[in-house]
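Going from the sequence shown to the numbering used here is simple: count from 1 and add 303. Every residue, glycine too, gets a C-beta built ideally from N, C-alpha and C. Notes for the one structure printed next.
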Amino acid sequence: LSIRAELLEKGGPPMWEKFMDELRHEHLGTPSDTPPDATVRATLQAGYEAVVARKAPGAGCDAGA
């Protein structure tokens with residue numbers, strides 16, 4: 304699975320419901336109290352970026368060795 308799918312799976316129903324609330328806000332204009340940096344989308348993006356950084360050439364290698 305992609306990291307985003309794995310994070311959604313691990314987050315379970317509470318994360319799914321929060322994500323649905325965010326999508327309703329974005330697409331239907333319903334009110335949202337979630338700060339922009341605390342969204343499920345931000346969490347999923349951070350997870351993706353962490354995986355990309357780990358897989359980048361030279362990541363985790365000791366260049367001085």
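(request) Count the other C-beta atoms from every protein chain shown that fall within 10 angstroms of the C-beta of residue 347, then say buried if there are 16 or more, exposed otherwise. (result) Residue mapping note: residue 347 aligns to position 44 of the sequence shown, counting from 1. Residue 347 is buried by the Cβ-count criterion.
(message) Would residue 318 and residue 326 qualify as a contact pair, given that the criterion is a beta-carbon distance under 8 Å?
(response) Position 15 of the sequence shown holds residue 318. Position 23 of the sequence shown holds residue 326. No; because the gap between Cβ atoms is not below 8 Å, this pair is not in contact.
(request) Reducing DSSP to helix, strand and coil, say where residue 340 ends up. (result) Taking the first residue of the sequence shown as 1, we reach residue 340 at position 37. Judged by DSSP in its simplified three-state form, residue 340 adopts helix.
(request) Identify which residue in 324, 341, 345 has its Cα closest to the Cα of residue 335. (result) As a position in the sequence shown, residue 335 is number 32, starting the count at 1. Taking only the C-alpha atoms, the option nearest residue 335 is 324.
(message) Quick check: residue 343 and residue 358, are their CB atoms within less than 8 Å of each other?
(response) In the sequence shown, residue 343 corresponds to position 40, counting from 1. In the sequence shown, residue 358 corresponds to position 55, counting from 1. Their beta carbons are not under 8 Å apart, which means residue 343 does not touch residue 358 by this criterion.
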